[in-house]
Every structure is written in C-alpha cells, then in structure tokens.
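In the numbering used here, the protein residues as written are 402 to 735.
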Amino acid sequence: MSTKSSDHDPYVRAEIAPPSGIAFPHKHLLGTWGLDPTTIQHLLDTADRYVDQNRRAQKTTPICAGLTQINLFFENSTRTLMSFEIAGKRLGMDTISMSTGTSSIKKGETLLDTAATLNAMHPDVLVMRHADSGAVKLLSEKMSCAVINAGDGRSEHPTQALLDALTIRRRKGKLHGQIIAISGDITHSRVARSNIYLLTAMGARVRLVAPPTLLPKDVDRLGVEVYTRMDEGLKDADVVMMLRLQQERMQGGFLPSLREYYQFWGLTRDKLAVAKDDVLVMHPGPMNRGVEIASDVADDFDRSAIEEQVEMGVAVRMACLDILTRNLREGGEA
C-alpha cells in the first residue's frame with residue numbers, strides 16, 4: 402500500500418499518528434518479536450511517506466537536526482551501514498560510523514566498557530551490528546539512548562524484515578493472506594527469523610523451504626509451514642524470498658557441495674514456474690549468483706524486487722530513527 406504524500410512541502414515528514422493513538426511503545430528496536438500489528442503498520446506507514454520523499458530532488462529534512470547517531474558495526478556490512486548512514490543524514494542527524502577495526506575492542510576493551518564510553522558521549526541513537534546473538538540487547542540495557550539492532554548473530558535483523566514487508570505491501574497491496582516462501586539457509590538467518598515473526602503477526606502464510614540440515618531446531622514452534630522440496634514449497638506462492646548461504650557460519654557437513662545445492666535449492670525459472678504467475682522474487686543480499694539464485698531470475702525486471710528492497714531500506718531506517726527520537730525532540734526522553 403502506498404500512501405500519497407504532500408506535494409507542496411519539500412520537508413514533508415511522517416506525521417502519521419499510531420492508529421491506537423499512543424506513542425511508539427518501545428524505547429529500542431531490538432527485534433520484531435512481540436511487535437503488534439498496529440505498531441508494525443505504523444512503522445510501515447511512516448516509511449511509506451519517506452519513500453516518496455527520497456524520490457524527490459530535495460531528499461533531506463532537518464527534523465532530527467542536533468541529534469547524534471552512532472553506527473557501531475562489529476561485522477562488515479556495506480549495504481546496511483550505508484543505508485543507516487544515508488537515513489540519518491537525510492533526517493539532519495550528526496552521523497558517526499565505527500567498525501571493529503577502529504574500535505577499542507581490538508585493544509581488549511569489553512563490550513560493556515565500550516557501552517559506558519559511548520554513553521558518556523551522549524548519543525541519541527545507537528545502531529549496532531554484532532556477530533553474537535543477544536549482544537545488542539545486552540548493550541541496550543547499559544545505554545541511555547535508543548538502540549536499533551542492525552543484526553545480531555542468528556537472532557534478529559528487524560529493519561531488514563520491515564523493509565521486506567514494505568516492499569511486499571507496496572507490490573502486492575497487503576500482507577495478510579499472502580503465501581510467502583522463505584527458502585535457503587534458514588538455520589543461520591536472522592533475516593528469516595525477523596521475517597517470520599513480523600509476517601505471521603500481519604497474517605501472512607509463511608513457508609520455510611530448505612534441506613533438513615538448514616532448518617532451525619525450533620522450527621516446530623515458529624508457526625510456519627515447513628517444506629523440504631522446492632517444488633512443493635514454492636507451489637502457488639505469492640512471494641519467494643531467497644536467503645544467502647552463510648558458509649562462514651557453517652562448521653561440518655551442512656551441504657554436500659555448492660554445485661549440488663544449486664541443483665536442488667537454487668532458484669531457477671524452472672523451479673519458479675510452480676509459483677503464481679505474478680510471484681515476487683526477493684533476496685536480502687548480498688547474492689551468490691549461481692548458488693542461491695540464477696542471474697536471469699535475479700535480474701527479471703517484472704518479478705525481481707531485489708533493488709527495490711535496497712531502496713525501501715533507507716525509508717524504513719528513516720522511519721525507525723524518526724519514531725524512536727520523537728519523544729526526545731518533543732522534550733522528553735528517547
């Protein structure tokens with residue numbers, strides 16, 4: 402669903418109040434687990450407005466001028482880091498990015514010491530990515546400012562799930578009732594977990610499609626349909642979301658070979674033929690072409706929304722930064 406923005410205000414901002422009439426009920430955004438449909442809709446509606454703004458010649462707004470955003474990334478991620486940087490700058494924030502190589506963690510400083518040091522500098526928002534599940538939550542408990550999870554271990558990646566949901570909603574008009582097949586390396590994917598929580602909360606039918614070795618141990622508790630054959634899992638799907646094969650997190654015999662993986666689990670036109678004619682193809686990136694997805698499918702302009710996902714990422718992150726700092730801008734605490 403796309404909302405029409407004002408045509409006369411170059412600094413249009415998201416003024417959409419939560420449908421419930423209450424403020425965003427969380428200090429941090431650590432995951433999609435526990436977010437209710439009203440809150441998710443509010444985030445998506447706000448992001449929708451920023452999509453319109455980002456397509457204009459004048460893309461910036463000063464609504465967050467004077468606030469400081471620190472991006473603290475303990476894992477490399479060009480796409481996500483740039484997206485958060487652009488989002489903060491377009492809202493007028495002072496944005497600073499730190500990577501593992503330039504932090505004092507390399508000199509033996511603990512994560513909690515890093516939190517104390519950063520807290521003393523009075524940032525208003527901290528965006529953090531870490532290889533260990535739970536690290537972002539731990540740090541959020543020690544920080545005075547709002548904290549956004551930019552991906553932690555196998556746990557969650559909430560802004561990726563929000564941008565995926567926004568992409569689907571704009572293309573399909575709704576999330577409720579959509580048959581969404583998430584396929585590939587699910588056991589190592591924080592993207593899959595955040596999408597499962599969000600999409601099921603919004604009434605979508607979520608299927609997990611993967612070999613048994615790449616399904617999480619708690620799959621029976623996730624409220625999804627599980628398939629171990631692509632032809633069955635993709636049948637009549639509205640959306641097929643492929644996942645990156647995270648070989649860096651694998652130890653042992655998850656796969657016989659990449660060649661065999663592509664043969665049975667790579668998304669090709671032949672495998673996609675069992676889905677609906679207007680199926681939407683997605684991938685959070687970075688893609689391994691010829692491993693998870695064929696190039697002619699990834700580059701299919703009519704079906705692939707992969708580039709659109711990147712665009713939605715900036716709008717979603719602007720919405721999250723905007724919403725999490727509203728109380729602060731209005732004189733309260735973040």
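Don't be surprised by glycine CBs; every beta carbon is placed ideally from N, CA and C.
Extent of the continuous beta strand (DSSP E) to which Phe474 belongs
Looking up residue 474 in the sequence shown gives position 73. Unbroken beta strand (DSSP E) run through Phe474: Thr469 to Phe474.
Measuring only the C-alpha atoms, how far is Thr440 from Phe425?
The count along the sequence shown starts at 1 and reaches residue 440 at position 39. The count along the sequence shown starts at 1 and reaches residue 425 at position 24. Answer to the nearest angstrom: the Cα atoms are 7 Å apart.
Which value, in whole angstroms, describes the spacing of the CA atoms of Arg622 and Arg594?
Looking up residue 622 in the sequence shown gives position 221. Looking up residue 594 in the sequence shown gives position 193. So the two alpha carbons sit approximately 12 Å from each other.
Proximity winner among Ala602, Leu729 and Leu468, relative to Leu436 (alpha-carbon distances):
For the purposes of this step, residue 436 is identified with residue 35 of the sequence shown, where counting begins at 1. Of the listed residues, the one whose Cα sits closest to Leu436 is Ala602.
Neighbourhood of Lys460 by C-beta, 7 Å cutoff - its chain only, sequence neighbours within 5 removed:
For this step, residue 460 is matched to residue 59 along the sequence shown. Answer for Lys460: Gln454 and Arg491, listed in chain order.
Three-state secondary structure assigned by DSSP to Leu431
Translated into positions along the sequence shown, residue 431 becomes position 30. Leu431: coil per DSSP, three-state reduction.
In the DSSP assignment, what are the bridge partners of Ser705?
Taking the first residue of the sequence shown as 1, we reach residue 705 at position 304. Val682, per the DSSP bridge assignment.
Can you tell me the Cα-Cα spacing of His684 and Val641, whole angstroms?
The residue labelled residue 684 in the question sits at position 283 within the sequence shown. The residue labelled residue 641 in the question sits at position 240 within the sequence shown. Answer to the nearest angstrom: the Cα atoms are 9 Å apart.
Tell me Ala547's beta-bridge partners as DSSP assigns them.
Taking the sequence shown and counting its residues from 1, the one referred to as residue 547 is at position 146. Val526, per the DSSP bridge assignment.
With Ile581 and Leu600 assumed to form a contact (beta carbons below 8 Å), what rounded beta-carbon distance in angstroms separates them?
As a position in the sequence shown, residue 581 is number 180, starting the count at 1. As a position in the sequence shown, residue 600 is number 199, starting the count at 1. About 6 Å; that satisfies the 8 Å criterion.
Classify Ser696: buried if its beta carbon has 16 or more other beta carbons within 10 angstroms, exposed otherwise.
Numbered from its first residue, the sequence shown carries residue 696 at position 295. So Ser696 counts as exposed.
Would you decide whether Thr447 is buried or exposed? Buried here means 16 or more other CB atoms lie within 10 Å of its CB.
On the sequence shown, position 46 is the one that residue 447 refers to. Its Cβ being crowded by 16 or more others within 10 Å, Thr447 is buried.
Taking only the alpha-carbon atoms, compute the straight-line gap between Arg456 and Ala716 and give it to the nearest angstrom.
Mapped onto the sequence shown, residue 456 falls at position 55. Mapped onto the sequence shown, residue 716 falls at position 315. Approximately 10 Å, taken between the alpha carbons.
Contact set for Arg690: own chain, Cβ-Cβ below 6 Å, skip 5 residues either direction:
Taking the first residue of the sequence shown as position 1, residue 690 is located at position 289. Here the set comprises Ser696.
Segment limits, alpha helix (DSSP H) that includes Met642:
Residue 642 sits at position 241 when you count from the first residue of the sequence shown. Unbroken run through Met642 is the beta strand (DSSP E), Val640 to Met643; no alpha helix (DSSP H).
DSSP three-state assignment for Glu633, whether helix, strand or coil
Translated into the one-based positions of the sequence shown, residue 633 becomes position 232. Looking at Glu633 - three-state DSSP - the assignment turns out to be helix.
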